[in-house]
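> Okay, handing you the structure first.
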Amino acid sequence: NAGVMQNPRHLVRRRGQEARLRCSPMKGHSHVYWYRQLPEEGLKFMVYLQKENIIDESGMPKERFSAEFPKEGPSILRIQQVVRGDSAAYFCASSNGAPEQYFGPGTRLTVT
Amino acid sequence: RKEVEQDPGPFNVPEGATVAFNCTYSNSASQSFFWYRQDCRKEPKLLMSVYSSGNEDGRFTAQLNRASQYISLLIRDSKLSDSATYLCVVNMNTGFQKLVFGTGTRLLVSP
Chain A
7 NAGVMQNPRH LVRRRGQEAR LRCSPMKGHS HVYWYRQLPE EGLKFMVYLQ
57 KENIIDESGM PKERFSAEFP KEGPSILRIQ QVVRGDSAAY FCASSNGAPE
107 QYFGPGTRLT VT
Chain B
10 RKEVEQDPGP FNVPEGATVA FNCTYSNSAS QSFFWYRQDC RKEPKLLMSV
60 YSSGNEDGRF TAQLNRASQY ISLLIRDSKL SDSATYLCVV NMNTGFQKLV
110 FGTGTRLLVS P
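Chains as they are written, first to last, in my numbering: chain A, 7 to 118; chain B, 10 to 120.
Shown next as structure tokens:
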């Protein structure tokens, strides 16, 4: 399967714990984008990364959220000290630099 | 004004009907536009890209009106499997590929 892969698909965390979401882009893609979708809302851009670089993180909350895309391995979105409001679907998309982005199946984070 | 606006619907249509959705965007510098389809609790899937005045792919036709800053999606001969949420997406042309999503228009096709 050469599509975008995300894991885990479902993640449950208690308030105050850390959440780590992983994304492996489509084969041949080096551009990764993270989006968040709250229940009954549209997708909101969070961060755009290329290998080892954060290109734009204008949609990322200033505190508790961080993202990386190391030279080897998947991109990781990290949420520290999760709160109930972080419960959402987190989608990763990838591209080869063209405008079209292709999405992974998402990680559904539930904070209890 | 929202960057991308869509009528949330739902649009309820019978099989075989023709249905059209409109979407307006605020950034006149936007260069590329897309329609994605999202099924319940799943990832958005790219349906069509729109770069010039329009694009057609089988039963689906997208049109772009730059002067009025709106994009439309027309679905002909609706199928039950077309039931989904259709997302209007605009590339904001900020120097890199930053997509802004509308909240979607829900379509329900009934037998």
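In this text, a Cβ means the ideal position worked out from N, Cα and C, and glycines have one as well.
In this text the structure is predicted, and so the values were computed from the model without any measurement.
#1: Name the chain A residues that come within less than 8 Å of S58(B), Cβ to Cβ?
#2: Counting only Cβ pairs nearer than 7 Å, list the residues of chain A close to E52(B).
#3: Leaving out five residues on either side along the sequence, give the residues of the same chain with a beta carbon under 6 Å from the beta carbon of F71(A).
#4: Can you tell me the Cβ-Cβ gap for I84(B) and A71(B), rounded? I've got them flagged as a contact below 8 Å.
#5: Run down chain D in chain order and give the residues with a C-beta less than 8 Å from the C-beta of L49(A).
#6: In chain order, what residues of the same chain lie with their CB nearer than 7 Å to the CB of R68(B), ignoring the 5 residues before and after it?
#7: Could you give the distance in angstroms between the alpha-carbon of G22(A) and the alpha-carbon of G91(A)?
#8: Please state the DSSP three-state secondary structure of G63(B).
#9: Who are the neighbours of F105(B) on chain A, taking C-beta pairs under 8 Å?
#10: Using DSSP with H/G/I as helix, E/B as strand and the rest coil, what is S101(A)?
#11: For a contact defined as C-beta to C-beta under 7 Å, what are the partners of G113(B) on chain A?
#12: Would a check of beta-carbon distances place S81(A) closer than 8 Å to chain B?
#13: Please classify S81(A): does DSSP put it in a helix, a strand, or coil?
#14: Output the boundary residues of the beta strand (DSSP E) element that contains R115(B).
#15: Quick one: is S81(B) near chain A, going by C-beta distance under 8 Å?
#16: Short check: CB of L96(B) to CB of F20(B), under 8 Å?
Quick answer:
#1: P105, E106
#2: F97, F109, G110, P111, G112
#3: I85
#4: Not really, about 10 Å apart at Cβ, beyond 8 Å.
#5: Absent from the structure: chain D. Protein chains present are A and B.
#6: I84, R85, D86
#7: 12 Å
#8: strand
#9: Y54, I61, D62
#10: strand
#11: G48
#12: no
#13: strand
#14: 114-119
#15: no
#16: no
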